[in-house]
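Participant:
Number of protein chains: 2
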Amino acid sequence: MLPDPLTKLVEQLQKLPGIGAKGAQRLAFHILRNPRDDAERLCDAIRDVKERVTYCSACNNITDADPCGFCTSVTRDRRLICVVEEPQNVSVIEKTREFRGVYHVLMGALSPLHGVGPDELKITGLLARVAGGAADEVILATNPTVEGEATALYLARLLKPLGVRVTRIAMGVPVGSDLEYADEVTMTRAMEGRREV
Amino acid sequence: MLPDPLTKLVEQLQKLPGIGAKGAQRLAFHILRNPRDDAERLCDAIRDVKERVTYCSACNNITDADPCGFCTSVTRDRRLICVVEEPQNVSVIEKTREFRGVYHVLMGALSPLHGVGPDELKITGLLARVAGGAADEVILATNPTVEGEATALYLARLLKPLGVRVTRIAMGVPVGSDLEYADEVTMTRAMEGRREV
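Chains as they are written, first to last, in our numbering: chain A, 1 to 197; chain B, 198 to 394.
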C-alpha cells in the first residue's frame, strides 16, 4: 500500500530496538514530511558514528580517540578500576560526579543460556591491568541481575588472588522510592546491607 | 561524556517523534554495536524516501509515480472520493479491503490555534475534482477530533452546493472494546448513531 521506498524504510526502522510496526511507520512519515536537510543530518550522524567511534584498547569503552579520555586523563586515579557490563553504563556512573577512577568495560555479562561464557567477555584485559599490583581496588558495577551477579562473583574469584581489593556496588531500595513497592529480593538485600547510623 | 559523533547522533535521533533522551541513546548504542551494513541500509532507505517519494498531483497521497496508483487504477471508482487528513490514513482505510473508490489527502486539518486555515489545506484541488459532476459521493474521513470535525463541517458546506452526496464516517464505540471504558462523548455519538437491527 505504501510506496516501495517507504516500505523499505519502515522495514529498516523496525530493526531498531523498541520500535514496532506502528512506531516505524510514524518515524518514516516524519522523515518523509520533514526537510531533506534533517534526513541528511541524521544519515551523516549515523555514518560518523560508524566511522569515527571505536573501542578503547585499554578499557573497551567507546571513544573517538584510542586510548580513551578516561585512560589518558592525568586527573583520574588509575589504581581504582570500575568494572561495568556495557559502555553506556559508564555515563550513569559519571553522572554521580563522585567516581574519579578509571573503567573497564566487559562488553556483556556471563549468560550460559545465551552462549556468553568468560571467553566472550573482555576479562583477560582486566586481569592484565590488575596483575603486578597496578590497581588498589576493583569495583564490580555489573548489573544487579542474575547474570551481573554471576559475572561479579566469577571476577571476584579471579581478582582476589592477585592481591587487589574487590568490592561490589550496594544493592537496596532506590532513593526516593516507596518501601511499599520494593520487591522481596531487593528488600532482603537492603536489610542485609544495613549500616549503623 | 560520550564521544562527539555519538552525542551528535543522539541529538539527531531525539528530533524524531516519540523518541526521548533515553530512547535516542539506546538507538545510538544499537547502531554503534551493529554491523556497518545495517547502518548503511538504514541511511540508504532514508535517502531513497527523500529522493523517490513525492505527492500525487491529483490526490496528494504519497507515491513514487505521479499520478499515484489509486488515481490511475482502472478498477477503482473515481466517482467515490474519500477525504483524509494525512497520507498515513489511506492505509488504515485500505486495510478494510472494503473501499474501492479513490482518495483525497488534505495534508492536515483546520486548526486556527496552530495557524492552519483553509489555505494551508489541499481544499482547492478537492473542489476542482468534485466540480462539474465528476463525483457521486465524498466520504469525509477526517479524524474524530475537534479539528477533524471542524474540517469535515467546513468541507461539507463547500461541497454540498456542488451537487455531490457528502457523508461522514460513523463515530461510536470501537468494535471489541468494553462499554465500561467508553467516554461520554463517544457513547453519546454511539447512541445518536444507533441503527435499526
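The beta-carbon is built from N, C-alpha and C at its ideal position, and this holds for glycine as well.
(1) Mind checking if residue 238 of chain B is an interface residue toward chain A, Cβ cutoff 8 angstroms exclusive?
(2) Compute the Euclidean distance between the alpha carbons of residue 300 of chain B and residue 49 of chain A, then round it to the nearest angstrom.
(3) Return the chain-ordered ranges of every beta strand (DSSP E) run that is complete within the region 236 to 303 of chain B and spans a minimum of 3 residues.
(4) Does residue 165 of chain A come out as helix, strand or coil in the three-state DSSP assignment?
(5) Do you know whose CA, among A:31, A:63, A:154, lies nearest residue 198 of chain B's CA?
(6) Need the endpoints of the alpha helix (DSSP H) that residue 228 of chain B sits in, please.
(7) What residue range is occupied by the uninterrupted beta strand (DSSP E) comprising residue 113 of chain A?
(8) Closer than 8 angstroms is the cut-off here; do at least three beta carbon pairs connect the region 201 to 213 of chain B with the region 54 to 61 of chain A?
(9) Any C-beta of chain B within less than 9 angstroms: which residues of the region 1 to 25 of chain A qualify?
(10) Work out the CA separation of residue 18 of chain A and residue 75 of chain A for me, nearest whole Å.
(11) How would you call residue 339 of chain B, buried or exposed, if buried means at least 16 neighbouring beta carbons within 10 angstroms?
(12) Quick one: using the 10 Å Cβ neighbour count with 16 as the cut-off for buried, is residue 219 of chain A buried or exposed?
(13) Is the CB-CB distance between residue 46 of chain A and residue 268 of chain B below 8 angstroms?
(14) Compute the beta-carbon to beta-carbon distance between residue 136 of chain A and residue 79 of chain A, rounded to the nearest angstrom, for a pair I have assumed lies under 8 angstroms.
(15) Is any heavy atom of the ligand NAD found at a distance shorter than 7 angstroms from the C-beta of residue 347 of chain B?
(16) Let me know if residue 194 of chain A comes out buried or exposed under the rule of 16 or more other beta-carbons within 10 Å of its beta-carbon.
(17) Using only alpha-carbon positions, find the residue among B:355, B:308, B:381 that is nearest to residue 317 of chain B.
(18) For residue 168 of chain A and residue 152 of chain A, what's the separation of their Cα atoms in angstroms?
(19) Indicate whether at least one CB of chain B lies closer than 8 angstroms to the CB of residue 139 of chain A.
(20) Counting only beta-carbon separations shorter than 8 angstroms, does residue 91 of chain A have a partner in chain B?
(21) CA-CA distance, residue 370 of chain B and residue 378 of chain B?
(22) Once DSSP output is grouped into helix, strand and coil, what is the label at residue 138 of chain A?
(23) Note down, in chain order, every chain A residue with its Cβ under 8 angstroms from the Cβ of residue 227 of chain B.
(24) Check whether the Cβ atoms of residue 123 of chain A and residue 106 of chain A lie closer than 8 angstroms to each other.
(25) Mapping DSSP to helix, strand and coil, what is residue 357 of chain B?
(26) What is the residue span of the alpha helix (DSSP H) that residue 325 of chain B lies within?
(27) Would residue 282 of chain B pass as a contact of residue 329 of chain B if the rule is Cβ separation under 8 angstroms?
(28) In terms of residues, what are the limits of the alpha helix (DSSP H) holding residue 189 of chain A?
(29) Give a yes or no on whether the minimum CB-CB distance between residue 284 of chain B and chain A is below 8 angstroms.
(30) Taking 8 angstroms as the CB-CB cut-off, is residue 48 of chain A touching chain B?
(31) Classify residue 174 of chain A as helix, strand or coil using the three-state DSSP reduction.
(32) Just the Cα atoms here: how many angstroms apart are residue 33 of chain A and residue 77 of chain A?
(33) Buried or exposed, going by whether 16 or more other CB atoms sit within 10 Å of the CB of residue 218 of chain B?
(34) Count the other CB atoms within 10 Å of the CB of residue 367 of chain B; is the residue buried (16 or more) or exposed (fewer)?
(35) Please confirm whether residue 242 of chain B has its beta-carbon closer than 8 angstroms to some beta-carbon of chain A.
Facilitator: Let's see:
(1) Closer than 8 angstroms: yes.
(2) One C-alpha to the other measures close to 42 angstroms.
(3) Fully enclosed beta strand (DSSP E) runs of 3 or longer: 274 to 281, 298 to 302.
(4) Here residue 165 of chain A sits in strand by DSSP.
(5) The shortest C-alpha separation from residue 198 of chain B is found at A:63.
(6) Residues 218 to 230.
(7) For residue 113 of chain A, there is no enclosing beta strand (DSSP E), as DSSP gives it neither H nor E.
(8) Contact between the region 201 to 213 of chain B and the region 54 to 61 of chain A is absent, with fewer than three C-beta pairs closer than 8 angstroms.
(9) Residues of the region 1 to 25 of chain A with a Cβ closer than 9 angstroms to any Cβ of chain B, in chain order: 1, 2, 3, 4, 5, 6, 8, 9, 10, 11, 12, 13, 15, 16, 17, 18, 19, 23, 25.
(10) The straight-line gap from Cα to Cα measures roughly 38 angstroms.
(11) Looking at its Cβ environment, which holds 16 or more other Cβ atoms inside 10 Å, residue 339 of chain B is buried.
(12) No answer is possible for residue 219 of chain A: the residues shown for chain A start at 1 and end at 197.
(13) Between residue 46 of chain A and residue 268 of chain B, the C-beta gap is not smaller than 8 angstroms, which leaves the two residues out of contact.
(14) Approximately 4 angstroms separates the beta-carbon atoms of residue 136 of chain A and residue 79 of chain A; this is inside 8 angstroms, confirming the contact.
(15) Questions concerning the ligand NAD fall outside what the structure shown contains, since it holds no ligand whatsoever.
(16) Taking every protein chain shown into account, the CB of residue 194 of chain A has fewer than 16 other CB atoms within 10 angstroms, so this residue is exposed.
(17) With distances taken between Cα atoms, residue 317 of chain B lies closest to B:308.
(18) Here the alpha carbons of residue 152 of chain A and residue 168 of chain A stand approximately 7 angstroms from one another.
(19) Contacts with chain B at 8 angstroms (Cβ-Cβ) do not include residue 139 of chain A.
(20) Yes, residue 91 of chain A counts as interfacial toward chain B.
(21) Rounded to the nearest angstrom, the two C-alpha atoms are 9 angstroms apart.
(22) Per DSSP, reduced to three states, the secondary structure at residue 138 of chain A is strand.
(23) The answer, in chain order, is 16, 17.
(24) The answer is yes: Cβ separation under 8 angstroms.
(25) Under the three-state reduction of DSSP, residue 357 of chain B is assigned to helix.
(26) First-last of the alpha helix (DSSP H) with residue 325 of chain B: 320 to 327.
(27) No, they are not a contact pair.
(28) Its alpha helix (DSSP H) spans residues 184 to 192.
(29) When Cβ-Cβ separations below 8 angstroms define contact, residue 284 of chain B makes contact with chain A.
(30) At least one beta carbon of chain B lies nearer than 8 angstroms to the beta carbon of residue 48 of chain A.
(31) When DSSP states are grouped into helix, strand and coil, residue 174 of chain A belongs to the coil group.
(32) Approximately 50 angstroms, taken between the alpha carbons.
(33) So residue 218 of chain B ends up on the exposed side.
(34) By the neighbour-count definition (other C-beta atoms within 10 Å, threshold 16), residue 367 of chain B is an exposed residue.
(35) Output row for residue 242 of chain B: interface = yes.
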